[in-house]
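Residue numbers (this note's numbering): 6 to 122. Worksheet: one structure, shown below.
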Ligand code: HEC
């Protein structure tokens, strides 16, 4: 009886922590498991995005950290992290973020990589 209560409150606490987010984001896919497409996307990220965004934390650089950006309900702007919204931000820019000049292949690879974060 008492044990069940204790287990129950641990579960409740874990749920609260999960809801509070940040500390318990789903894990990123390790580089050793990237597909060729994801690996090419990582290069595009290094070239076009890394100077302003950290990929492995939610901490801000020039722009918000992008860890788990496609796994959270909303991006910092409040928009859902769909490929459509991501593509719009990438190709058109947003606020202080400049538009990136990427061809279709680079964009597809980059989106695949962003999904691993
Ligand atoms: C010169 C710096 C800079 C570069 C380069 C840059 N960003 Fe950003 N990014 C920002 C800033 C600043 C914001 C916050 C914009 C805002 O909402 O006002 C942002 C926002 C974002 C967001 C969140 C959008 C939202 O709706 O909240 C995503 C996703 C993003 N950037 C992805 C990328 C990707 C992918 C690249 C590479 C193609 C990139 N950024 C290149 C500065 C940059």
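Glycine included, every Cβ here is placed at the ideal spot set by N, Cα and C. From a predicted model like this one, the values you see are computed outputs, not experimental measurements.
Asked: Can you give me the Cβ contacts of residue 131 inside the same chain, cut-off strictly under 6 Å, excluding the 5 residues immediately before and after it?; Found: Summary: the structure shown does not reach residue 131, with the chain confined to residues 6 through 122, and so no result is reported for it.
Asked: Would you say the beta carbon of residue 56 comes nearer than 7 Å to a heavy atom of ligand 1?; Found: yes
Asked: Can you tell me whether residue 56 is helix, strand or coil according to DSSP?; Found: coil
Asked: Can you pull the DSSP bridge partners for residue 99?; Found: 102
Asked: Is DSSP giving residue 156 helix, strand or coil here?; Found: Any question about residue 156 goes unanswered here, given that the chain covers just 6 to 122.
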